[in-house]
Each structure stands twice: as structure tokens, then as C-alpha cells.
Amino acid sequence: MLASDRLALGPKLERFEALMAQQCQTRHAVAVSSGTAALHLIVRALDLGPGDEVLTTPFSFVASSNVLLYVGATPRFVDVSPTTGNLEPDALARAVTPATRAILGVDIFGLPLDWPALTDLAETHDLHLIDDACHALGATVGDRPIGAWADAASFGFYPNKQITTGEGGCITTDSDRIATRCRSLRNQGRTDDGRMEHVALGYNYRMSELEAAVGCGQLERRDDLMTRRAQVAEWYHAALAPLRDDLRLPTSPPRGTRSWFVYVIRLDDRFDDEARDMLMAALQDQGIDCAPYFPSIHLQPLYRRRFGFAPGDYPNCEALSAQTLALPFYASLAQDDVQHVAETIAEILPTLPRAATTVAVSSTDASS
10 MLASDRLALG
20 PKLERFEALM
30 AQQCQTRHAV
40 AVSSGTAALH
50 LIVRALDLGP
60 GDEVLTTPFS
70 FVASSNVLLY
80 VGATPRFVDV
90 SPTTGNLEPD
100 ALARAVTPAT
110 RAILGVDIFG
120 LPLDWPALTD
130 LAETHDLHLI
140 DDACHALGAT
150 VGDRPIGAWA
160 DAASFGFYPN
170 KQITTGEGGC
180 ITTDSDRIAT
190 RCRSLRNQGR
200 TDDGRMEHVA
210 LGYNYRMSEL
220 EAAVGCGQLE
230 RRDDLMTRRA
240 QVAEWYHAAL
250 APLRDDLRLP
260 TSPPRGTRSW
270 FVYVIRLDDR
280 FDDEARDMLM
290 AALQDQGIDC
300 APYFPSIHLQ
310 PLYRRRFGFA
320 PGDYPNCEAL
330 SAQTLALPFY
340 ASLAQDDVQH
350 VAETIAEILP
360 TLPRAATTVA
370 VSSTDASS
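Numbered per my numbering, the sequence shown spans residues 10 to 377.
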């Protein structure tokens, strides 16, 4: 690879795209520089813009909403399931307005959404359907892989993902139009015929040949990498099982398979609001890396300034943001290390403050 005279848009990229299309059972795969770039190009290819509302989740990495701001569209948040953290079809249906143009779903932590129901909802209301699948490479709903649902799906290959290209992302779609537009937009809006002719306002979102070569090697090892991550998750399940009175552990979908991006635990409602941060600090003090996944998007300073969001707007999302913690998780993590994390959590839990009363979690709904 290092002897190649191609930096980008060469044979390694073509090979990587072919492997991704095969993985996701789609007609097209368009590799780009990041998962955010992939999602941005999908939004551009669908011509979303000012005046368009897009139903989406407040419980995600902020990029899933930022891409809508890039094009002037309005994210209309819908509260998530208090158990899965995912958007629910019934809540989305109640949130549709005359201004709604699309649904942008996120398969949070690798747990797939109810894509058959979302497909029906989008068809009923003539909406675009977008899958932010950056957490979910390898997941399925029924026998259909994530990446094959929706008008288009985005994937990211940052080093903490199921496979990595260092940095990088990809769009999968069956739409010739979406694929053609994304290929042009990733390359400064140029035509595909090799001429220096720019037909749209595009970006430098190309994936390099070096990144694509790494991605090919990763995809060829995908089954082994996924199996190892699933094994680590099983070790966590077993090691944390005695703590189920205090912790809620990740679940699997009723039909299909989960893809293990991260292993996120949630403290029970009986703990005080500060307990998660205290647990995180205590683990970090003992050299165990962990992080809150995810802060609520609507409470980020940018979104509060721009849209006037306030605490209490999306209570299920806010409860998840306050109670969840991502534990160390990667394919080569040893079982002894998993056991050490679990034992350390068991030692810390009795020291955490309990809430005086338990507040009922609200049903999912939307608000402006």
C-alpha cells in the first residue's frame, strides 16, 4: 500500500466500498472521512434545509443533530424509551407535523431500532428515513443487516468502533441518486468523469487509500472482531449479574442481533442524582477508564442558546444521561480485567448515596 501512487479514490477505496456494500447487503457504499461526514452528506443528498423539521433523538453523540444545523434544518427531538434509550415508533408518530420531512434514528450503543415500524411510519407520512448506524455495524433486524434499512445509513470507524480505519466513515444505500450525489459531494462537488468540473458545493470528505487499506483488513476480520466483543459483553453480564438489584445491564433486541459498540451500565433509580458521577470518579481514581454516555444533546450550551431547551424537556433522556456509564470495552479486553472492574463496582456501590424518594419515569413524547 505504501508504494502506491494513489492517495485517494483508488483501488483500495473501491475494495473497501465493495466489502461494506456486501456487509450491509446494499447496492452502494460510499466511503468518506468520518461518520459525521457520512451523515452530513446524506442530509445534503436528501435536500433537507431551512424550514424542514427532522424527528430525531436527544440521546446520542451531538453530531447526529449537528448535521441538521449544518444545512439549516431543525432537529425536533422526541424523548426516548426509558429502558432501551432508543426512539419508539409511537412517540415518533405523535410528533409528526406538517413541517416534518424526515426521521433520523440512531441505533444507540449498537441496539437496533424497530426499523420495520419506522419504515411503515415513514411511508405513511411520506418522510425520508435516515439511519445513524455509527454504533451498529454488524447488527441485524430479523435477517436484514443494519445499513440496509432506511433511505441511507451512516457508519463511523473511529478507533473505539467495531472496526476502525483510524478515522473514516461510510454511507450505504440502495439509491443510485443518493450514492451519486454523495460521491460528488465528498470530492468538492466534482463530476465522476474525471474533469475538473464542480457541479455542487462540496467538501473534502474523501477517505484516503491508506485508511481504506486498513478498513479492508478490518472488514476481512470482522467476524472475529465481533465475536471477541460479544465475548467481552458476556463476561460483563456474568460478572455484574450479582449486582442487578443496583444496576441495569444492556439488553438484546427481541428480533435480530445487537452489535457491541460499548458496554453501558445504568444505576437504578433508587440512587441519588450524584451517584453516577461519584461512581465514575471512584473508578477513575482506581485507574479504571469510564465515561458518561451520553450527555443530553438538548442541554448542551449551543442547543440551549439556540432553541431555549431546559431541564425537564425530555425526562427519559435526561434520566439516562444522568445514570449511565460506559465501562472499559474493546475486543482484546481480558476476562480478569472484566472481573476486576465488576469487583471494584461492587465495592463502590454501597458507598453511593440513595435517593430519598423514587420519581416515576415519564412516557415518551415530543416537544418543540
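Every residue, glycine too, gets a C-beta built ideally from N, C-alpha and C.
Please state the DSSP three-state secondary structure of residue i.
| i | result |
| --- | --- |
| A38 | strand |
| P154 | strand |
| S217 | strand |
| I172 | coil |
| R238 | helix |
| H307 | helix |
| N95 | coil |
| P251 | helix |
| V368 | Residue placement at V368 cannot be trusted, given a pLDDT of 48 that sits under 50; the coordinates are not used to answer. |
| F68 | coil |
| D346 | helix |
I need the straight-line Cα distance from residue i to residue j, nearest angstrom please.
| i | j | result |
| --- | --- | --- |
| E352 | F70 | 29 Å |
| D254 | L276 | 9 Å |
| H246 | R285 | 19 Å |
| A290 | K170 | 24 Å |
| D88 | T181 | 27 Å |
| P154 | Q34 | 7 Å |
| E132 | L138 | 9 Å |
Going by DSSP, what residue range makes up the alpha helix (DSSP H) through residue i?
| i | result |
| --- | --- |
| T266 | T266 -> no alpha helix (DSSP H), and no H or E assigned at all. |
| I51 | G44 to A54 |
| Y312 | P310 to F316 |
| I274 | Taken as a continuous stretch (DSSP letters only), I274 belongs to no alpha helix (DSSP H), being part of the beta strand (DSSP E) at Y272 to L276. |
| F25 | P20 to C33 |
| A291 | A284 to D294 |
Between which two residues does the beta strand (DSSP E) holding residue i run?
| i | result |
| --- | --- |
| V63 | E62 to T65 |
| G165 | A161 to G165 |
| A111 | T109 to V115 |
| T181 | G178 to T182 |
Excluding sequence positions up to five away, which residues of its chain have a Cβ less than 7 Å from the Cβ of residue i?
| i | result |
| --- | --- |
| H207 | Q197, G198 and R199 |
| S261 | R267 |
| K21 | M10, E218, A221, A222 and C225 |
| L96 | T66, V87, V89, G114 and L122 |
Leaving out five residues on either side along the sequence, give the residues of the same chain with a beta carbon under 6 Å from the beta carbon of residue i.
| i | result |
| --- | --- |
| R237 | A340 |
| H144 | D116, F118, G119 and F270 |
| W124 | V150 and W158 |
| W244 | Q344 and V347 |
Using a threshold of 8 Å, state whether the C-beta atoms of residue i and residue j are closer than that.
| i | j | result |
| --- | --- | --- |
| R110 | E62 | yes |
| T106 | F86 | no |
| V241 | F338 | yes |
| C326 | F68 | yes |
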